[in-house]
Amino acid sequence: MKRSRSMEFGVGLFILVGILGLVFLGLRVSGLTFSGASNTYQLEANFSNIGGLKPRARVSMAGVTVGRVESIELDTEWYDARVTLSLTNELEGQISRDATAAILTSGLLGEQYVGLSMGGDPETLEEGDTIRDTQSALVLEELIQQFISNMATN
Amino acid sequence: MSDVPFIEVDNLYFSRGDSEIFRGVNMTIPHGKVTAIMGPSGTGKTTLLKLIGGQLTPDKGRVLIDGDDVHRLSRKALFTLRKRMGMLFQSGALFSDLDVYENVAFPLRVHTDLPDAMIRDLVLLKLQAVGLRGARHLTPAELSGGMARRVALARAVALDPELILYDEPFVGQDPISMGVLVQLIKRLNQALNLTSVVVSHDIKETLTIADYLYFISEGHVVAHGTPADLDVNQDARVKQFIHGEPDGPVPFHYPAAQFYQDMLGDTATRGGA
Amino acid sequence: MSMKGGQVAMRITRLGRRSCDLVESLGRAGVFLAQSAVGIPSAEGFRLWVRQLHFVGVLSLAIVLVSGLFIGMVLALQGYTILVDFGAEDALGQMVALSLLRELAPVVAALLFAGRAGSALTAEIGLMKATEQLTSMEMIGVDPLRRVVAPRFWAGVVALPILTVGFSVVGIWGGYLVGVEWLGVFEGSYWSNMQASVAFINDIGNGMVKSIVFAVVVTWIAVFQGYDLLPTSEGISRATTRTVVYSSLAVLGLDFVLTAVMFGGL
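Chains as they are written, first to last, in full-length UniProt numbering: chain A, 1 to 154; chain B, 1 to 273; chain C, 1 to 266.
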């Protein structure tokens, strides 16, 4: 009987370890927070070329992460890419109407992310609005081509 | 036979792979008696028990137990029928993860809702009957072969079955435990009014407990009768078996080429070449 | 000439028979799984399940955790030497965590589980079959699929995902020890880079799905090989080997398929 009690204790501990491990993975490793979707609001931005931007990429302002790329789809009206950004609530009603969004690369080979920078317009963007001023990703091939054609004309 | 038949085996055919094991076996096993099924090794006696217990399905023919066709029953009905049967396996087949007490209690626990106290009484009663009440805390690994078989016997009778099937109960036992087992089987059969089927090739012991004997060879019943009948049976196969003669219709030699050829043929060809 | 034709015909016949055997044994294994896995849970069944969970789960924990620790440490060491060339050693946490969660933890834990618990399950059930315990259980009127196989199957299905979580956690910690404590990667970037790139549903969730699939397959193979083996000592040793070989191949093959579906954009 005593042996079976200690066995049951071991099994209980085992299951507990599993649950705690999963909680650790969720909170510490994937940075999950319990206050999930309600704490964000969404803005849209159209880019003529997004390069290698992926959903879930970082959105940062002055280097501080303020949100994520929610989704990327092709806008069939203009044939450019419509990127939906979800930003933290703290920024709601703070981003000016002439703010710019640029697709940047972290480091030489790093991932691509969206960088926001503030403008000076007193009017601000609300949930679902679109950022007008955007800067597409730099595509290496295009840069090289430009460089070569400049060389040729010189 | 005037006895009420408990088991009827009717024109049974069974084959495993390409080898035919039974070719039309007929048997009637009377209620409340010890019936022995004998025959040389390899004649499928254990297979016959498995067919009776419903673990194997025959190619043709049927087995009736108390009027029910074993192989036509649903799985559930078959398991219900098995509650009325006990089977003693050659090796004892005790559950290695349970101790002696729990092994005997096992059928009671799964088939009855008896309170623990009553299960305890019943288990101790059965263990007392096989003389192993003191061994109840041992694990199967700590038992000798004979003791394991006695525990298995206690387990087989735990639910007070109407029928017990014994698969080679005497194989590999020393003379003392053999005598103990013979006594136990005899006593249990009388005390509980059981129907017993004993599969064995130990002639002496089987003859002392059996009321009726079937002799199987080459897929048929070749003889049947009381021990006294078989003792004077003139069938060569039965005679050879009962009297333990090394050679006869059951040959001593496995089929082979002529001895002379086998020994000399090889050298002869080599010499010739 | 005619003899050659005969040999070819014989080969084709043999191939055909082998394929039929394969399909038949697959069918047998499927029916076996359905019969043993589906059943009404009972208090007695729960007790048996706990006992088996102890055997396949708790007793496998040590080997799985130790392996996880070493693999995490090696990942950090190897990753660092590659990443430092690009000045990207800050991405170490991300690399360690993603490789563990998506691939290494589910696969390596499943392989260890097949070797440690799967082979033991096969041998145990096989021995019960060889000593006629399963037959005698059937004769007592208890279905060995329910009583012997089902608790072992469900214990395996529950144990492996838990072991996989443990493997990941310990591996990430091992990566931390080597990367941050030893090689001097900045602690903040180890964790924050990890958090920025690991998604709960996509990475942890998919890893867990993999691990559950592996758990079902490995335990299924193990209990079926035990139940279906030839009840001799040679039969048991062969079935134990088969369990490890088949499980490993199934895990690696399925891992490719699952990875293609989950992360390959199919």
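All C-beta atoms in this analysis are idealised placements derived from N, C-alpha and C, irrespective of residue type, glycine included.
On the premise that residue j lies in contact with residue i, defined as a C-beta separation below 8 Å, what is that separation, rounded to the nearest angstrom?
{"i": "residue 289 of chain C", "j": "A222 of chain C", "result": "Absent from the structure is residue 289 of chain C, since the part of chain C shown begins at 1 and ends at 266."}
{"i": "F14 of chain B", "j": "P58 of chain B", "result": "5 Å"}
{"i": "G134 of chain B", "j": "S177 of chain B", "result": "That pair is no contact at about 16 Å."}
{"i": "L33 of chain C", "j": "W154 of chain C", "result": "About 12 Å separates the two Cβ atoms, so there is no contact after all."}
{"i": "A109 of chain C", "j": "F167 of chain C", "result": "5 Å"}
{"i": "N189 of chain B", "j": "S196 of chain B", "result": "5 Å"}
{"i": "G68 of chain C", "j": "A105 of chain C", "result": "7 Å"}
{"i": "A29 of chain C", "j": "S248 of chain C", "result": "Not quite, the Cβ-Cβ distance comes to about 17 Å (not below 8 Å), so this is no contact."}
{"i": "E44 of chain A", "j": "R82 of chain A", "result": "6 Å"}
{"i": "A154 of chain B", "j": "V130 of chain B", "result": "5 Å"}
{"i": "A215 of chain C", "j": "V157 of chain C", "result": "5 Å"}
Going straight from the alpha carbon of residue i to that of residue j, what length do you get?
{"i": "V185 of chain C", "j": "R68 of chain A", "result": "25 Å"}
{"i": "G6 of chain C", "j": "L15 of chain C", "result": "14 Å"}
{"i": "F6 of chain B", "j": "T28 of chain B", "result": "8 Å"}
{"i": "R146 of chain C", "j": "N206 of chain C", "result": "31 Å"}
{"i": "S2 of chain B", "j": "Q261 of chain B", "result": "Unreliable positioning characterises S2 of chain B in this predicted model, as indicated by a pLDDT of 47, which lies under 50. The coordinate reading is nonetheless provided below. So the two alpha carbons sit approximately 56 Å from each other."}
{"i": "E205 of chain B", "j": "R242 of chain C", "result": "44 Å"}
{"i": "A273 of chain B", "j": "L264 of chain B", "result": "Low local confidence applies: a pLDDT of 41 at A273 of chain B is under 50, so the model's placement there is unreliable, with the coordinate-based value given in what follows. Cα to Cα, A273 of chain B sits roughly 14 Å from L264 of chain B."}
{"i": "F86 of chain C", "j": "S19 of chain C", "result": "52 Å"}
{"i": "K186 of chain B", "j": "V251 of chain C", "result": "56 Å"}
{"i": "R17 of chain C", "j": "G226 of chain C", "result": "24 Å"}
{"i": "S35 of chain A", "j": "T88 of chain A", "result": "Reliability of the predicted coordinates at S35 of chain A is poor, the pLDDT of 49 falling under 50, and no value is obtained from them."}
{"i": "L181 of chain B", "j": "V34 of chain B", "result": "14 Å"}
{"i": "V50 of chain C", "j": "R152 of chain C", "result": "9 Å"}
{"i": "A239 of chain C", "j": "P30 of chain B", "result": "43 Å"}
{"i": "G141 of chain C", "j": "A256 of chain B", "result": "45 Å"}
{"i": "H137 of chain B", "j": "V151 of chain B", "result": "12 Å"}
{"i": "A223 of chain B", "j": "S233 of chain C", "result": "37 Å"}
{"i": "R23 of chain B", "j": "L213 of chain B", "result": "19 Å"}
{"i": "L75 of chain C", "j": "L27 of chain A", "result": "22 Å"}
{"i": "Y166 of chain B", "j": "I203 of chain B", "result": "15 Å"}
{"i": "I164 of chain B", "j": "G17 of chain B", "result": "29 Å"}
So with CB distances below 9 Å, who are the chain A contacts of residue i?
{"i": "I172 of chain C", "result": "F24, L25, R28, V29"}
{"i": "L254 of chain C", "result": "Neighbours of L254 of chain C on chain A: none; closest Cβ ~22 Å, over 9 Å."}
Just the chain C side, please: which residues come within less than 9 Å of residue i by C-beta, in chain order?
{"i": "H111 of chain B", "result": "I140, G141, V142"}
{"i": "I15 of chain A", "result": "L53, G57, V158, I162"}
{"i": "Q55 of chain B", "result": "T135, E138, M139"}
{"i": "M87 of chain B", "result": "T135, S136, M139, I140"}
Between the options, which lies nearest to residue i when the distance is taken from Cα to Cα?
{"i": "residue 165 of chain A", "options": "A:G10, A:Y41, A:D133, A:V59", "result": "There is no way to answer for residue 165 of chain A, as the model of chain A reaches only from 1 to 154."}
{"i": "G177 of chain C", "options": "C:A37, C:G72, C:G45", "result": "According to the sequence provided, residue 177 of chain C is Leu. The question's Gly does not apply to it. Closest option to L177 of chain C, Cα to Cα, is C:G72."}
{"i": "Q195 of chain C", "options": "A:L43, A:A137, A:R5, A:F24", "result": "A:F24"}
{"i": "L125 of chain B", "options": "B:Y101, B:A141, B:D97", "result": "B:Y101"}
{"i": "L159 of chain B", "options": "B:V199, B:L181, B:G86, B:E218", "result": "B:G86"}
{"i": "L141 of chain B", "options": "B:A129, B:P40, B:D99", "result": "Reading off the sequence shown, one finds Ala at residue 141 of chain B, where the question assumed Leu. Cα-wise, what sits closest to A141 of chain B is B:D99."}
{"i": "K129 of chain C", "options": "C:I40, C:I236, C:R102, C:I204", "result": "C:I236"}
{"i": "G12 of chain A", "options": "C:I162, C:S25, C:G30, C:V244", "result": "C:I162"}
{"i": "L194 of chain B", "options": "B:G179, B:L207, B:D211, B:I203", "result": "B:D211"}
{"i": "L81 of chain B", "options": "C:L258, C:Q35, C:T259, C:E138", "result": "C:E138"}
{"i": "V70 of chain B", "options": "B:K83, B:G53, B:K60, B:L108", "result": "B:G53"}
{"i": "I209 of chain B", "options": "B:L230, B:L192, B:Q183, B:F215", "result": "B:Q183"}
Across which residues does DSSP place residue i in a beta bridge pair?
{"i": "T28 of chain B", "result": "B:E8"}
{"i": "T47 of chain B", "result": "Paired residues: none, contrary to the question."}
{"i": "I103 of chain A", "result": "A:V114"}
{"i": "Q135 of chain A", "result": "A:A102"}
{"i": "F47 of chain A", "result": "A:A81"}
{"i": "S200 of chain B", "result": "B:M38"}
{"i": "D99 of chain B", "result": "In DSSP, D99 of chain B forms no bridge with anything."}
{"i": "A223 of chain B", "result": "B:F215"}
{"i": "D68 of chain B", "result": "B:I65"}
{"i": "T130 of chain A", "result": "A:E44"}
{"i": "V64 of chain A", "result": "A:M61"}
{"i": "V69 of chain A", "result": "A:L85"}
At 7 Å on the CB atoms, spell out the chain C contacts of residue i, in chain order.
{"i": "E8 of chain A", "result": "V50"}
{"i": "R56 of chain A", "result": "A199"}
For residue i, which residues in chain C fall below 8 Å Cβ to Cβ?
{"i": "A93 of chain B", "result": "T131, E132, Q133, T135, S136"}
{"i": "V11 of chain A", "result": "V50, L53, H54, G57, V58"}
{"i": "R82 of chain B", "result": "E138, M139, I140, G141"}
{"i": "T65 of chain A", "result": "A196"}
{"i": "G21 of chain A", "result": "I162, V165, G166, S168, V169"}
List, in order along the chain, the chain A residues whose C-beta lies closer than 8 Å to that of residue i?
{"i": "D203 of chain C", "result": "S30"}
{"i": "M95 of chain C", "result": "Ordered by position in chain A, no residue passes the 8 Å Cβ test against M95 of chain C, which lies about 12 Å from the chain."}
Run through chain A and tell me which residues come within less than 7 Å of residue i, C-beta to C-beta.
{"i": "L61 of chain C", "result": "F14"}
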